[in-house]
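Numbering (the numbering used here), first residue to last: 153 to 379. Here a beta-carbon is modelled for each residue, glycine too, at the ideal position from N, C-alpha and C. Scroll down for the structure; my scribbles are underneath it.
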Amino acid sequence: MTQDQHTNFLATIIGLLDASGEKWFLCFGSLLKTCRMQGVGIVDDLDIGIIGNPMNVLRQIDNCGLFVVKHFVKSDCGDDVYNVALRYNNRVRRGNEPDFVDIDLFFWVKKGQFYYHTYDVLMEQAKDGVLSEYTFKGIPADCFDAPKKDIEYYRANRHYQGAMLENGVWRGPIPGLEYTGLQMNRPYRYGACLDWWYPDFATVRTGVSESQEIIKVKSCREFYHQS
153 MTQDQHTNFL ATIIGLLDAS GEKWFLCFGS LLKTCRMQGV GIVDDLDIGI IGNPMNVLRQ
213 IDNCGLFVVK HFVKSDCGDD VYNVALRYNN RVRRGNEPDF VDIDLFFWVK KGQFYYHTYD
273 VLMEQAKDGV LSEYTFKGIP ADCFDAPKKD IEYYRANRHY QGAMLENGVW RGPIPGLEYT
333 GLQMNRPYRY GACLDWWYPD FATVRTGVSE SQEIIKVKSC REFYHQS
């Protein structure tokens with residue numbers, strides 16, 4: 153994608169997420185790339201974490217008409233949506249460059265002192281989004297939840313390293329993507345998030361994110377009822 157295409161895509165997805173009114177932020181590989189690789193690559197594979205009502209986000213995406221749902225994961229005992237994999241088509245191809253962008257939306261659920269997410273770990277790709285087994289991976293809630301005193305402090309002092317604390321997330325330019333003129337969100341303790349997901353994250357290595365807090369269940373009822 154050209155720089156203009158990068159900018160148009162990011163402006164589109166940021167606008168939709170902001171319009172949803174829900175708390176959102178870069179997570180997993182996309183957050184890692186902003187901290188370690190100066191933003192390189194986040195425009196062809198984007199991971200977004202969301203805390204709030206999934207329907208508000210999905211309604212904005214559906215109304216936009218530029219995204220196709222590849223697959224999704226939902227509860228087997230209700231309407232809760234946990235993960236949606238989207239594809240955005242930029243409709244312009246240059247040489248061997250891909251003509252699409254893949255976006256993963258992770259809807260986090262708070263339970264006790266952790267936030268949890270799940271996705272199609274076994275690649276079942278069930279049409280109704282219901283899995284035969286759910287793997288919920290957690291992260292300490294204080295990685296996402298900004299204390300009231302910090303919200304008030306940074307509201308008064310405004311900027312911290314070029315970003316502002318808004319709605320409990322850091323809003324600011326993304327290193328390596330300054331040419332877009334856009335701002336994106338990072339979680340409150342984004343360094344702690346990366347330490348949790350990618351221990352020793354400053355060292356480049358292959359593999360997926362890790363978690364020290366994992367709950368595996370056959371039904372989401374078991375997840376919600378576990379103490």
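### Query
Does the stretch 257–269 come within contact of the stretch 290–306, defined as at least 3 CB pairs closer than 8 angstroms?
Touching, per the Cβ criterion.
### Query
In or out: Gly343 buried (at least 16 other Cβ within 10 Å) or exposed?
Numbered from 1 along the sequence shown, position 191 holds the residue referred to as residue 343. With fewer than 16 other Cβ atoms within 10 Å, it is exposed.
### Sequence-distant residues of the same chain with beta carbon closer than 6 angstroms to Cys256, five excluded per side
Within the sequence shown, residue 256 is the residue found at index 104, counting from 1. Checking the displayed sequence, the identity of residue 256 turns out to be Asp instead of Cys. Once the five neighbours on either side are set aside, the close Cβ partners of Asp256 are Asp199 and Ala237.
### Message
Considering just the uninterrupted stretch of the alpha helix (DSSP H) at Trp348, what are its terminal residues?
### Response
The residue you call residue 348 lines up with position 196 of the sequence shown. Its alpha helix (DSSP H) spans residues Tyr342 to Trp349.
### Beta bridge counterpart(s) of Glu285 as assigned by DSSP
For the purposes of this step, residue 285 is taken as the residue at position 133 of the sequence shown. None, per the DSSP bridge assignment.
### Nearest candidate by alpha-carbon position, reference Gly314, set Asn337, Glu374 and Leu184
Within the sequence shown, residue 314 is the residue found at index 162, counting from 1. Looking at the Cα atoms, Asn337 is the closest of the given residues.
### Task
Evaluate Arg245 with the Cβ neighbour count: other Cβ atoms within 10 Å of its Cβ, from every protein chain shown; 16 or more gives buried, anything less gives exposed.
As a working note, residue 245 is residue 93 in the sequence shown. Low confidence applies to Arg245: its pLDDT is 47, below 50, so where it sits in the model is not reliable, and the reading given next is rough at best. Counting Cβ neighbours within 10 Å, Arg245 comes out exposed, since fewer than 16 surround it.
### Query
For the alpha helix (DSSP H) that Gly201 lies in, which residues bound it at each end?
Numbered from 1 along the sequence shown, position 49 holds the residue referred to as residue 201. No alpha helix (DSSP H) holds Gly201; the beta strand (DSSP E) holding it covers Asp197 to Ile203.
### Query
Residue range of the beta strand (DSSP E) that Lys175 falls in?
For the purposes of this step, residue 175 is taken as residue 23 along the sequence shown, with counting starting at 1. DSSP places Lys175 in the uninterrupted beta strand (DSSP E) bounded by Lys175 to Leu178.
### Task
Rounded to whole angstroms, what's the CA-CA distance from Gly173 to Asn208? Just pull it up for me.
Along the sequence shown, one-based indexing puts residue 173 at 21. Along the sequence shown, one-based indexing puts residue 208 at 56. Going from the Cα of Gly173 to the Cα of Asn208 covers about 8 angstroms.
### Query
Just the Cα atoms here: how many angstroms apart are Ile303 and Phe296?
Within the sequence shown, the letter at position 151 stands for residue 303. Within the sequence shown, the letter at position 144 stands for residue 296. Looking at the two C-alpha atoms, the distance is approximately 12 angstroms.
#### Entry: Straight-line gap, Tyr306 to Lys279 (C-alpha atoms, nearest Å)
Working through the sequence shown from its first residue, we reach residue 306 at position 154. Working through the sequence shown from its first residue, we reach residue 279 at position 127. Between the alpha carbons of Tyr306 and Lys279 lies a gap of roughly 45 angstroms.
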